[in-house]
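2 protein chains.
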Amino acid sequence: MRLLLLSALLFLGVVGAPNGDEVVSLPGLSFVPNFKHYSGYLQASSTKYFHYWFTESSRKPSLDPLILWLNGGPGCSSLEGLIEELGPFKVQDFGKTVYLNPYSWNSFANVLFLESPAGVGFSYSVDGNITVSDDDVALQNYNSLVQFIGKFPEYKGRDFYITGESYGGVYLPTLAVLILSDKINFPNFKGMAVGNGAVNFPNNYNTMVPLYYYHALVRDELYQRIAKTCCNGHIEGCDIFGKFSDPTCRNLIIEALNGTNDLNPYNLYYTCYYSPDGISKHAHIEKAMRRIAGLPVRTAAPQSTVPLCAQTNNTYAYLNRADVRRALHIPSSLPLWNECSNDVLNVYKTTHFEMTPEFEKIIAAGVKVLVYNGDVDTVCNHVMNAQFLSNLNRTILGNERVNEPWRFSGETPEDSVAGFQLKYSGNVDFVTVRGSGHFVPQDRPREALQLIFNFVNNRDYSLAVDLTH
Amino acid sequence: MRLLLLSALLFLGVVGAPNGDEVVSLPGLSFVPNFKHYSGYLQASSTKYFHYWFTESSRKPSLDPLILWLNGGPGCSSLEGLIEELGPFKVQDFGKTVYLNPYSWNSFANVLFLESPAGVGFSYSVDGNITVSDDDVALQNYNSLVQFIGKFPEYKGRDFYITGESYGGVYLPTLAVLILSDKINFPNFKGMAVGNGAVNFPNNYNTMVPLYYYHALVRDELYQRIAKTCCNGHIEGCDIFGKFSDPTCRNLIIEALNGTNDLNPYNLYYTCYYSPDGISKHAHIEKAMRRIAGLPVRTAAPQSTVPLCAQTNNTYAYLNRADVRRALHIPSSLPLWNECSNDVLNVYKTTHFEMTPEFEKIIAAGVKVLVYNGDVDTVCNHVMNAQFLSNLNRTILGNERVNEPWRFSGETPEDSVAGFQLKYSGNVDFVTVRGSGHFVPQDRPREALQLIFNFVNNRDYSLAVDLTH
């Protein structure tokens, strides 16, 4: 009788969460989770196994939507997103203790964090080959998602969203196109949210130079020299990316891009410093962007004598604890977890430099799109994203206001401007997050939760998160 | 014998501080000042009397330099600068108590705060006429300084600096030219420091539109439309100011400039709100700038329901206490003190829209110049100032680094970047203050003190303030 019932339930797809993957006891927890979470592996290809950590919703997991989160890099781990940005587990005290993130996205959604591609974090390739292209990653991410649905059949048909940031601007649209073609596993693919996404490499660099200038990071004389020497007198609209091949221009442009050497390029007004040990995403991503663009890595200021404001290595320390790795079902044979992998980056093949075709397909399929940008990031800047959407030539909706603010609805000051929003036909939204850097859910966790909650629930972005229904 | 000695001293010019003007007991003080201060009047013209408040140095008043501070507007009071920015007296508790500003500029200098022109704060015109032009103000400020030297002859020949901000970009250079011509009273005129100065009105507006754009305050579609419709395709270098007379362009440009309607335009990343009662400088200056440019005043968001972060009316409440006014020797017949006067602004005649000739004279005379800018101000923006100095065509000194940082030397993090610096031949420095808005000594008081201390003392801007000698 029990067997029969189990079979029936399996057939109906209402059970299936893999007991073996459930994390039954996570070390260092200072709270009792009111949600289940799972850590294990999904087969991404014949040789590649992607580690996932899945945090079910603390509201109504059986009804709440499913959200995939992908960090970028390439080479950076989505567990960084889990622990330092939008997941429920925040690590402190040099990896000793874990407290609850009150702004976790799993307060209203089932959130899947996937380490991608192989070589990133706890993900691996059985043959050690970690060379991949954008399209390989898309396919392997898609395969992993199908595997996930196989492991968790109760999520088949669930409202599904894919989200992420940075190089996720490539990962997500290329993945979305594959998801769109699979109505069996993903009949309710509803939306894509891309934060500070690298959706147009050339234009990221074209816009970066004037962005620096208007942020007091390039002196006027050099700016005018670049305009005159390389751009027929006009920086704006200049194919600066294309000028990288001209040695004279290349040197001038690199000189300009050195303007953030003494700053945190991910958040211009951040006042603290990161660990100089080089394992952090906070050196990796910009390095990746420059590498893909064929530019030399910037020379950051020597930071060895600079005090750190926070314990930046909490995530690293925590995820490399033997007890934590056991709890997460990580094979003991795997090497140390790193936030970002240079090995992956060094062999990564970027082939998509501009994501318009993918966005067009996604929009045409009726999947809603949110592009959001922390507005004080210089690594993947908001002007690149604004121009990208503008160039899709969609109709601007709403009133004639230049900038329609959205407001964080929560603590005092209740009505502070969280940023600006622009709505286009076809369910395409562009939202800036004022004063946030590259990592929006880290810099502005409250605003990020409100943003994604309202995006998923088709609500005004200024409305407060409402978990009562 | 005493009379004889007094006469001799007067002759030698070593005494003279007017006893009648000394503030012997200031209400609400929570500390005992270790410096003298004076409040009284200087005759600026046959009919005009300017109120001054002079805070002597708490170090060595008989040796330390003399610094004039002027707020702008036009119409705003330099007592706002004294209480809210760089003076020793900080008011709290709705005007009830006064505590010591640890970053007061009078920690190393004798600082003269002058309310200018008549109609501003406690300054008045005996015939009620408060209509003045830029040149009138320059002359009246100069006359007031001569009067000051008459009252305080011990400061004759003292190293002398003039400083200020905002519309001080006009007040200071026009005044400097007059001071230069008076070697009798001001034989040691050493320098001028202008913060977020309105040194080039047309270019302030020309640069403001792209500045907004690169700060996510103008949507791409409108920006491109302005470029196409009004600027032959190129915003940068476009005579946007000149396009105000074209109705189509004017409307588009005003629409773009409405991008800060929901923000504090003096500091884009400020998260609090100011009093909606309209007496604050925080509505006045931008209004003044727009009025002078012939633009309509912006429509700020309704703020009546918005909570205030701080007691914004402390200065107003304090300076209108009867006991405070008595202590400051203010005639009881004078009306309420206001931070900024609309009456003055409404009849003010701006005639200097561009300050190059004055700067050229000042530099040629060997007077050193510091132009500094909080870099997140949109009202008098740093690009306008950068281009202004760049267009003086002076030689850039120092190494080839695009942006040479200067660092605040004080608390942790010790080496945080305070901004960037650029040195030109002729003792002309351009310094940005990172993350500061329009009112640098208010937003970044520690950095501002370090900046002005090192400017006066010909030291590297990154050196810590050293009051030991």
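Chains F and A are the protein sequences, given in the same order.
So the first sequence is residues 2 to 470, counted in the working numbering.
So the second sequence is residues 2 to 470, counted in the working numbering.
Where is the CB? At the ideal position from N, CA and C, for every residue including glycine.
Since the model is a prediction, treat every value here as computed from it, not as a measurement.
Classification of residue i by the beta-carbon crowding that lies within 10 angstroms, buried from 16 upward
{"i": "residue 323 of chain F", "result": "exposed"}
{"i": "residue 76 of chain A", "result": "buried"}
{"i": "residue 327 of chain A", "result": "exposed"}
{"i": "residue 65 of chain F", "result": "buried"}
{"i": "residue 347 of chain F", "result": "exposed"}
{"i": "residue 175 of chain F", "result": "buried"}
{"i": "residue 467 of chain A", "result": "exposed"}
{"i": "residue 455 of chain A", "result": "buried"}
{"i": "residue 1 of chain A", "result": "Because chain A spans 2 through 470 in this model, residue 1 of chain A falls outside it and cannot be assessed."}
{"i": "residue 471 of chain F", "result": "An answer regarding residue 471 of chain F cannot be provided, because it is not within the stretch 2 to 470 covered by chain F."}
{"i": "residue 366 of chain A", "result": "exposed"}
{"i": "residue 491 of chain A", "result": "Given that chain A is displayed from residue 2 to residue 470, the structure contains no residue 491 of chain A and the question cannot be resolved."}
Counterpart residues of residue i in DSSP-defined beta bridges
{"i": "residue 43 of chain F", "result": "F:51"}
{"i": "residue 163 of chain A", "result": "A:69, A:193"}
{"i": "residue 155 of chain F", "result": "Paired residues: none, contrary to the question."}
{"i": "residue 375 of chain A", "result": "A:434"}
{"i": "residue 77 of chain A", "result": "A:341"}
{"i": "residue 359 of chain F", "result": "DSSP, once it has assigned bridges, lists no residue as partnering residue 359 of chain F."}
{"i": "residue 30 of chain F", "result": "F:99"}
{"i": "residue 369 of chain A", "result": "A:192"}
{"i": "residue 396 of chain A", "result": "Note: residue 396 of chain A sits in no beta bridge, so no partner."}
{"i": "residue 23 of chain A", "result": "A:39"}
{"i": "residue 56 of chain A", "result": "A:38, A:112"}
{"i": "residue 134 of chain F", "result": "F:350"}
{"i": "residue 145 of chain A", "result": "None; residue 145 of chain A has no bridge partner."}
{"i": "residue 429 of chain F", "result": "F:370, F:425"}
{"i": "residue 125 of chain F", "result": "F:50"}
Residue i: first and last residue of the uninterrupted beta strand (DSSP E) it sits in
{"i": "residue 192 of chain F", "result": "190 to 196"}
{"i": "residue 326 of chain F", "result": "No beta strand (DSSP E) contains residue 326 of chain F, which is instead part of the alpha helix (DSSP H) from 323 to 328."}
{"i": "residue 92 of chain A", "result": "90 to 93"}
{"i": "residue 405 of chain F", "result": "405 to 408"}
Extent of the continuous alpha helix (DSSP H) to which residue i belongs
{"i": "residue 425 of chain A", "result": "That residue, residue 425 of chain A, is in no alpha helix (DSSP H); its beta strand (DSSP E) goes 418 to 425."}
{"i": "residue 389 of chain A", "result": "383 to 391"}
{"i": "residue 112 of chain F", "result": "Counting along the chain, residue 112 of chain F falls outside any alpha helix (DSSP H), though it belongs to the beta strand (DSSP E) covering 111 to 115."}
{"i": "residue 448 of chain F", "result": "446 to 457"}
{"i": "residue 222 of chain F", "result": "221 to 231"}
{"i": "residue 202 of chain F", "result": "202 to 214"}
{"i": "residue 84 of chain F", "result": "Per DSSP, residue 84 of chain F belongs to no alpha helix (DSSP H) and is neither H nor E."}
{"i": "residue 250 of chain A", "result": "248 to 258"}
{"i": "residue 174 of chain F", "result": "169 to 181"}
{"i": "residue 319 of chain F", "result": "315 to 320"}
Chain C contact for residue i (CB, 8 Å cutoff)
{"i": "residue 263 of chain A", "result": "Of the protein chains in this structure, namely F and A, none is chain C."}
Heavy atom of the ligand ATP within 7 Å of residue i beta-carbon
{"i": "residue 77 of chain A", "result": "Although the ligand ATP was asked about, the structure shown includes no ligands whatsoever."}
Taking only beta carbons into account, state which residues of the segment 365 to 381 of chain F come closer than 8 Å to chain A, listed in chain order.
-> 374, 376, 377
What residues from the segment 117 to 129 of chain F come within 7 Å of chain A, judged by C-beta to C-beta, listed N to C?
-> none
Which residues, in chain order, does the segment 383 to 399 of chain A contribute to contact with chain F at a C-beta distance below 7 Å?
-> 383, 384, 387, 388, 391, 397
Return the residues of the segment 420 to 431 of chain A that lie within a Cβ-Cβ distance of less than 7 Å from chain F, sorted by chain order.
-> 421, 423
Determine which residues of the segment 212 to 224 of chain F have a Cβ less than 8 Å from any Cβ of chain A, and write them out in chain order.
-> 212, 214, 215, 216, 217, 218, 219, 220, 221, 222, 223
Anything in the segment 90 to 111 of chain A with a Cβ closer than 7 Å to a Cβ of chain F? List those residues in chain order, please.
-> none
Could you run through the segment 231 to 254 of chain F and flag, in chain order, every residue whose CB is less than 9 Å away from some CB of chain A?
-> 234, 235, 236, 237, 238
Contact list for the segment 436 to 468 of chain A against chain F, Cβ threshold 7 Å = 436
Quick one: which residues of the segment 332 to 348 of chain F get their C-beta closer than 9 Å to a C-beta of chain A? List them in chain order.
-> none
Members of the segment 158 to 189 of chain F that neighbour chain A once the beta carbon cut-off is set at 8 Å | none
Could you please tell me which residues of the segment 133 to 149 of chain F, in chain order, have their CB closer than 9 Å to any CB of chain A?
-> none
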